[in-house]
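Q: Going by UniProt numbering, the sequence shown opens with residue 1, and the numbers climb by one from there.
For each residue, glycine too, the CB sits at the ideal point set by N, CA and C.
Dumping the structure here so I can ask a few things about it.
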Amino acid sequence: IMDKDNLILPKDFPELTNDTFLRAAHGEEVEHVPVWCMRQAGRYLPEFRESRAGKDFFETCRSPEACCELTLQPLRRFPLDAAIIFSDILVVPQALGMDVQMTPGKGPTFQEPLKEPEDLQRLRAKVDVDAELGYVFRAITLTRHKLEGKVPLIGFSGAPWTLMSYMIEGGGSVTQSKAKRWLYRHPEASHRLLQLLTDVIVEYLLGQVKAGAQALQVFESHAGCLGPVQFKEFALPYLRDIAMRVKGKLKESGLDNVPMIVFAKDGHYALEDLSQSYYEVVGLDWTIDPCLARKRTGGSVSLQGNMDPCALYATKERISEIVKRMVEAFGTRGYIANLGHGLYPDMDPESVGAFVDAVHTHSRQLAKRV
Ligand code: 1CP
């Protein structure tokens, strides 16, 4: 699997032994509901904190060996049905030429956020995705080999609106008011930025599949601050364009289709539209009722989610009850269990184990009955 320069190549990958996640994404029959957790590689794990200690966050992201190790850590503890590559959505603004640091205790910080449309000139007009983000591709290829076919590897990207909002806010924000100001005051420049991001994201996701990613998730984490009208104008068209172009280009290159997941946090007002946007799976946060989500998305897509992450603060018995009700509501077909958002650093790894076991146990029993 090495070339003459000792680079690990994206070929001759070990055969996949647990494809439950992929089958559920395509709505096929499963023996149990597959489960993974957003932020499953994270600070709630002592071994994660130890590996990351004293190291710069984005330096870690640039090391394929470190990303591989962090991706594999949760799988050594829990019988998860998928792995997600350790990285961050903000590597894309970096590829466009922006300086982003991870400030411990504060989160991502942009040195010079975009203020006015003139600032778009500071961004690279043409991004060489292999040169700027090749380190992510190398991390994926290495991890795919080291996973030994145990479970599929998920690649990901931030969605255009969510990335745009970070590039203007310069970091986390409660209101996203600086970014939303652009939508109202500079709609034309906003579309230019969203289009630029979309073009890079398409190449980035395609590169991830070529490197070995077996599924893709697109994170529209800041959907909640948009309303239905703005979502339809500034988020949805780009989300659709991404899925359509990635799938078209995979076909053109003679590559197999991979399931794509769209996760628009707090965007339940857009569920109907999202379910008709060329994604196989729609991810849900915990603010939507599973039965209602099924009704509104029809039978054509699989659903992923949506336990309140804070339910992991409950006892194991209570977690098991909550999971049972959730699996019954979603049904065992076309369903991937997950949390409605990422794990928090103060969560107990044992509770994550209880969540994973409860999904497997209850869904196995339910799947037998139908
Ligand atoms: O030092 C650290 O470990 C900091 C914590 C951390 C981690 C573990 C950050 C900072 N990013 C990550 C990894 C990460 N980020 C993954 C890894 C794979 C996994 O899930 O296990 C993924 C998928 C992301 C994606 C990501 N980054 C999103 C989308 C998902 C979501 O949470 O909605 C977002 C919004 C980010 C930005 C980001 N990165 C880190 C923080 C603290 C934030 C949020 C900043 C904010 O808005 O306040």
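#1: Classify Thr-71: buried if its beta carbon has 16 or more other beta carbons within 10 angstroms, exposed otherwise.
#2: In the DSSP assignment, find the beta strand (DSSP E) that holds residue 384 and state where it starts and stops.
#3: Apart from the five residues just before and just after His-341, which ones in its own chain have a Cβ nearer than 7 Å to its Cβ?
#4: Could you compute how far the alpha carbon of Glu-321 sits from the alpha carbon of Gly-212?
#5: Given 8 Å as the limit, is there contact between the stretch 266-282 and the stretch 224-241, that is, 3 or more CB pairs closer than that?
#6: For the ligand 1CP, any of its heavy atoms closer than 7 Å to the Cβ of His-341?
#7: Per DSSP, what kind of secondary structure is residue 425 in: helix, strand or coil?
#8: Could you tell me the distance, in whole angstroms, from the CA atom of Glu-15 to the CA atom of Lys-150?
#9: Using the beta-carbon count (16 or more within 10 Å), is Ser-157 buried or exposed?
#10: Can you confirm whether the stretch 158-174 touches the stretch 192-202 when touching is taken to mean that 3 or more C-beta pairs between the two stretches lie within less than 8 Å?
#11: The ligand 1CP and Gln-73: does the residue's C-beta get closer than 7 Å to at least one heavy atom of that ligand?
#12: Take Lys-210 as the anchor and find which of Arg-333, Ala-358, Tyr-166 and Thr-141 has the nearest alpha-carbon.
#13: Helix, strand or coil, according to DSSP, for Val-281 in the structure here?
#14: In terms of residues, what are the limits of the beta strand (DSSP E) holding Glu-220?
#15: Which of helix, strand or coil does DSSP assign to Met-102?
#16: Which whole-angstrom value describes the C-beta separation of Lys-180 and Cys-225, a residue pair presumed to lie in contact below a C-beta threshold of 8 Å?
#17: Quick one: Cα of Leu-114 to Cα of Met-98, how far?
#18: Kindly identify the DSSP beta-bridge partner or partners of Ala-189.
#19: Return the bridge partner residues of Gly-158 from the DSSP annotation.
#20: Taking 8 Å as the cut-off, decide whether the C-beta atoms of Gln-73 and Leu-153 are in contact.
#21: Where does the unbroken alpha helix (DSSP H) through Gly-353 begin, and where does it stop?
#22: Check whether the Cβ of Gly-227 lies closer than 7 Å to any heavy atom of the ligand 1CP, and answer yes or no.
#23: Is there at least one non-hydrogen atom of the ligand 1CP closer than 7 Å to the beta-carbon of Asp-308?
#24: Any heavy atom of the ligand 1CP closer than 7 Å to the Cβ of Ala-41?
#25: Who are the near neighbours of His-32 in its chain, counting only those whose CB is closer than 6 Å to its CB and skipping five residues on each side?
#26: Does the beta carbon of Met-38 fall short of 7 Å from some heavy atom of the ligand 1CP?
#27: Between which two residues does the beta strand (DSSP E) carrying Gly-107 extend?
#28: Do the stretch 54-70 and the stretch 87-106 touch if we need at least three Cβ pairs shorter than 8 Å?
#29: Taking C-alpha atoms, which residue in Asp-346, Leu-339, Val-323 and His-191 lies nearest to Ala-358?
#30: Is the stretch 182-192 close to the stretch 123-142, with three or more CB pairs under 8 Å?
#31: Work out the CA separation of Leu-206 and Val-136 for me, nearest whole Å.
#32: Quick one: complete alpha helix (DSSP H) runs, 4+ long, within the stretch 42-110?
#33: Look at the alpha carbon of residue 372 and the alpha carbon of Pro-259, and state the distance between them as a whole number of angstroms.
#34: For Cys-67, which option in Ser-351, Pro-79, Phe-48 and Ala-82 has the closest C-alpha, if you only look at C-alpha atoms?
#35: Just tell me which of Gly-299, Glu-328 and Met-164 has its CA closest to the CA of Ile-201.
A: Reading from the atomic positions:
#1: buried
#2: Lying outside 1 to 370, the shown extent of the chain, residue 384 is not represented and no answer is given.
#3: Met-38, Lys-265, Asp-285 and Pro-309
#4: Between the alpha carbons of Glu-321 and Gly-212 lies a distance of about 37 Å.
#5: yes
#6: yes
#7: Past the boundaries of the shown model lies residue 425; the chain is included only from 1 to 370, so the question cannot be answered.
#8: Linking Glu-15 to Lys-150 through their CA atoms gives a straight-line distance of about 8 Å.
#9: Result: buried.
#10: Touching, per the Cβ criterion.
#11: no
#12: Ranking the options by Cα distance to Lys-210, first place goes to Thr-141.
#13: It is a strand residue.
#14: 215-220
#15: strand
#16: Contact between Lys-180 and Cys-225 holds, with the beta-carbon distance rounding to 7 Å and staying under 8 Å.
#17: 9 Å
#18: Ala-189 pairs with nothing; no bridge assigned.
#19: DSSP lists Phe-219 as partners of Gly-158.
#20: no
#21: 349-369
#22: no
#23: no
#24: yes
#25: His-360, Ser-363 and Arg-364
#26: Residue side-chain check: Met-38 places its Cβ nearer than 7 Å to a non-hydrogen atom of the ligand 1CP.
#27: 107-110
#28: yes
#29: Val-323
#30: Short answer: they don't touch.
#31: 12 Å
#32: Every unbroken stretch of the alpha helix (DSSP H) spanning 4 or more residues and falling wholly within the stretch 42-110 is given here in chain order: 46-52, 57-61, 64-77 and 91-95.
#33: For residue 372 there is no data in the structure shown, the boundaries of the chain being 1 and 370.
#34: The option with the nearest alpha carbon to Cys-67 is Phe-48.
#35: Met-164
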